Amino acid sequence: MSTIAFFGATGGCANACLALTLREGYNAVAMARTPSKLITQLLDQPGLTQEILDKHLRIQQGDATNIEDVMKTLILQSPNSTETSVNSNSNPKNFNFHMGETGSNSNIRLVSSIISGIGGTPTMTWTKPNPCEKMSMRIPTLPHIELNNPHITEESTTTLLKALRRIAEKFPSFEDYIAIAPRITVISGTGISSKNGMKDVPLLFRPMYSSLLPEPHADKNRMEKLFTEDLLMKNESVLVGGLIIVRPSFLTGDHKICAVGVDSGYDKLRVGTDENPSGGIGYLIARPLVGEWIFEEVVKGGGEKWVGQGVILTC
Ligand SMILES: NC(=O)c1ccc[n+]([C@@H]2O[C@H](COP(=O)([O-])OP(=O)(O)OC[C@H]3O[C@@H](n4cnc5c(N)ncnc54)[C@H](OP(=O)(O)O)[C@@H]3O)[C@@H](O)[C@H]2O)c1
Numbered sequence: 177m178s179t180i181a182f183f184g185a186t187g188g189c190a191n192a193c194l195a196l197t198l199r200e201g202y203n204a205v206a207m208a209r210t211p212s213k214l215i216t217q218l219l220d221q222p223g224l225t226q227e228i229l230d231k232h233l234r235i236q237q238g239d240a241t242n243i244e245d246v247m248k249t250l251i252l253q254s255p256n257s258t259e260t261s262v263n264s265n266s267n268p269k270n271f272n273f274h275m276g277e278t279g280s281n282s283n284i285r286l287v288s289s290i291i292s293g294i295g296g297t298p299t300m301t302w303t304k305p306n307p308c309e310k311m312s313m314r315i316p317t318l319p320h321i322e323l324n325n326p327h328i329t330e331e332s333t334t335t336l337l338k339a340l341r342r343i344a345e346k347f348p349s350f351e352d353y354i355a356i357a358p359r360i361t362v363i364s365g366t367g368i369s370s371k372n373g374m375k376d377v378p379l380l381f382r383p384m385y386s387s388l389l390p391e392p393h394a395d396k397n398r399m400e401k402l403f404t405e406d407l408l409m410k411n412e413s414v415l416v417g418g419l420i421i422v423r424p425s426f427l428t429g430d431h432k433i434c435a436v437g438v439d440s441g442y443d444k445l446r447v448g449t450d451e452n453p454s455g456g457i458g459y460l461i462a463r464p465l466v467g468e469w470i471f472e473e474v475v476k477g478g479g480e481k482w483v484g485q486g487v488i489l490t491c
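Counted the way our numbering counts, the sequence shown spans residues 177 to 491.
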């Protein structure tokens, strides 16, 4: 069975996806800055137990801007390491993550798929930094959203690409890496696509997006540019396993998935693509539904159908 890596798994969308992944018996490795926060969130999810976490999850404590931490998350086993993986919730048990047909070459075992919901913490503000650098007092401006780290998705993407490049260099040849390169699914946003600009945002929301979201959008935009630059390297791109960009409309709710047998509203979810946005244009979508779509289409379905696309999700 393949293993899925999660970044930003304490965020609502990725946490919901991880919870479904574990509940359905897949193996996962999740990076968390604060493992206890992730464990608390997962044990809050219906149907998840400590036993399931012990059996199917490895948590890698770390920061998504640290190359070593990212590499430790993605490598399940390397020739120099006798340890396959260690559960960080102080359970000394070691897990053997079977990689099966994907993810293993030259004794290096990699995750088969990477799902990232990394993002900064947003705060609404009515002030901006004073253009005069000597003045520390901020000046009034229109309401907008600022992030605690306005460059987090750019920085974590740079790190991920560098980590994948370093991993690729560990293989005897790039072809060996290509054979097991992980598929990458990242959560971006609407109003960012280089093809569509604001065309994937409903008309009524466009002024709000323009005034509130320049900072988060600039960060996501730089992330997408980094991916595009890597893809332009064609045969040498570390993204050869395929890239899927998920564009949810405005997110609502928390991380909580529905109990087994309870209708999550998944059949109301609408999907468009950058090529054909119309089906996915809408105002809001609940975080757990984004997680459920990624689970159904990428974790369970493999994601082949969506590779190379920006997928717009709304309700
Ligand atoms: N809000 C919206 O309406 C909207 C719309 C479209 C797209 N998006 C984007 O969709 C994505 C998912 O959103 P969400 O609300 O589900 O999640 P979120 O609450 O934005 O979660 C962000 C995640 O990133 C992690 N993170 C941040 N910096 C990190 C670092 N240096 N190292 C490791 N992890 C780090 C956080 O971990 P900690 O728990 O350690 O902080 C958290 O798990 C985000 O990228 C968001 O920007 C948002």
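Beta carbons: idealized from backbone N, C-alpha and C, even for Gly. Please read all numbers here as calculations on a predicted model, not as lab measurements.
| Taking the beta strand (DSSP E) that L252 falls in, what are its first and last residues? | 251-253
| said: Let me confirm a value: G479 is counted as buried when at least 16 other C-beta atoms fall within 10 Å, else exposed. Which label applies? | reply: buried
| message | Nearer than 7 Å: is that true of the beta carbon of I363 relative to any heavy atom of ligand 1? | response | In this structure, ligand 1 has a non-hydrogen atom nearer than 7 Å to the beta-carbon of I363.
| query | Mind checking whether the beta-carbon of I290 lies closer than 7 Å to any heavy atom of ligand 1? | reply | no
| request: Just the C-alpha distance for K213 and T299, rounded to the nearest angstrom, thanks. | output: 21 Å
| said: Applying the 10 Å Cβ sphere with the 16-neighbour rule, what's the burial state of P268? | reply: Because the pLDDT at P268 is just 33, under 50, the model does not fix this residue reliably, and the point stays unresolved.
| message | Using C-beta distances below 6 Å, list every residue in its chain close to L388, excluding the 5 sequence neighbours before and after it, in chain order. | response | H320, I321
| query | Short check: CB of T334 to CB of T317, under 8 Å? | reply | no
| message | Report the start-end ranges of each alpha helix (DSSP H) in the segment 432-473 that is 4 residues or longer and not cut off at the edges. | response | 463-470
| Rounded to a whole number of angstroms, what is the C-alpha to C-alpha distance between C193 and K346? | Approximately 30 Å between the Cα atoms of the pair.
| said: Only counting the same chain, and skipping five residues up and downstream in sequence, which positions put a Cβ closer than 6 Å to that of P222? | reply: A435
| field | For N203: DSSP bridge partner residues | value | T179
| query | Considering E292, what are the terminal residues of the beta strand (DSSP E) in which it resides? | reply | Glu is not the amino acid found at residue 292; the sequence shown has Ser there. Looking at the DSSP string, the run of the beta strand (DSSP E) that includes S292 is 289-292.
| task | Please report the residue range of the alpha helix (DSSP H) in which V303 lies. | result | The residue you asked about is not Val; residue 303 is Thr in the sequence shown. Premise fails: T303 lies in the beta strand (DSSP E), 298-304, not in any alpha helix (DSSP H).
| Is P316 helix, strand or coil when you go by DSSP? | strand
| message | Helix, strand or coil, according to DSSP, for L419 in the structure here? | response | strand
| field | Spatially closest choice to L408 from R359, Q236, G484, P390, by CA coordinates | value | G484
| R234 - DSSP class collapsed to helix/strand/coil | Three-state DSSP puts R234 in a strand.
| request: Kindly examine ligand 1 and report whether one of its heavy atoms sits closer than 7 Å to the Cβ of F381. | output: no
| field | Complete beta strand (DSSP E) runs within the segment 339-382 (minimum length 3 residues, chain order) | value | 359-363, all fully within the segment 339-382.
| query | How should M173 be labelled, buried or exposed, when 16 other C-beta atoms within 10 angstroms of its C-beta is the threshold for buried? | reply | Here the chain covers residues 177 to 491 and nothing more, so residue 173 does not appear.
| Can you tell me whether Y459 is buried or exposed, with buried defined as 16 or more other CB within 10 angstroms of its CB? | exposed
| Range covered by the beta strand (DSSP E) that runs through L389 | L389 -> no beta strand (DSSP E), and no H or E assigned at all.
| Taking DSSP as the reference, what is the three-state secondary structure of P173? | Here the chain covers residues 177 to 491 and nothing more, so residue 173 does not appear.
| task | Could you check what DSSP says for L286 in three-state terms: helix, strand or coil? | result | strand
| query | How about the segment 439-446 and the segment 378-398: do they share at least three Cβ pairs that are nearer than 8 Å? | reply | With a cut-off of 8 Å, the segment 378-398 and the segment 439-446 do not count as touching, because too few Cβ pairs lie within range.
| Does any heavy atom of ligand 1 sit closer than 7 Å to the C-beta of K158? | Residue 158 is absent from the structure shown; the chain starts at 177 and stops at 491.
| Can R314 be considered in contact with ligand 1, in the sense that its beta carbon sits closer than 7 Å to one or more heavy atoms? | no
| said: Looking only at its chain, what residues have a beta carbon closer than 8 Å to the beta carbon of I461, apart from the 5 residues adjacent to it on each side? | reply: P424, S425, F426, L427, T428, L445, L489, T490, C491
| query | Any chance the CB of S369 is under 7 Å from a heavy atom of ligand 1? | reply | No, the beta carbon of S369 sits no closer than 7 Å to any heavy atom of ligand 1.
| Any idea if A181 is buried or exposed, counting beta-carbon neighbours within 10 angstroms, 16 or more meaning buried? | buried
| message | Going by C-alpha to C-alpha distance, which of L286, V362, P464 sits closest to T179? | response | Cα-wise, what sits closest to T179 is L286.
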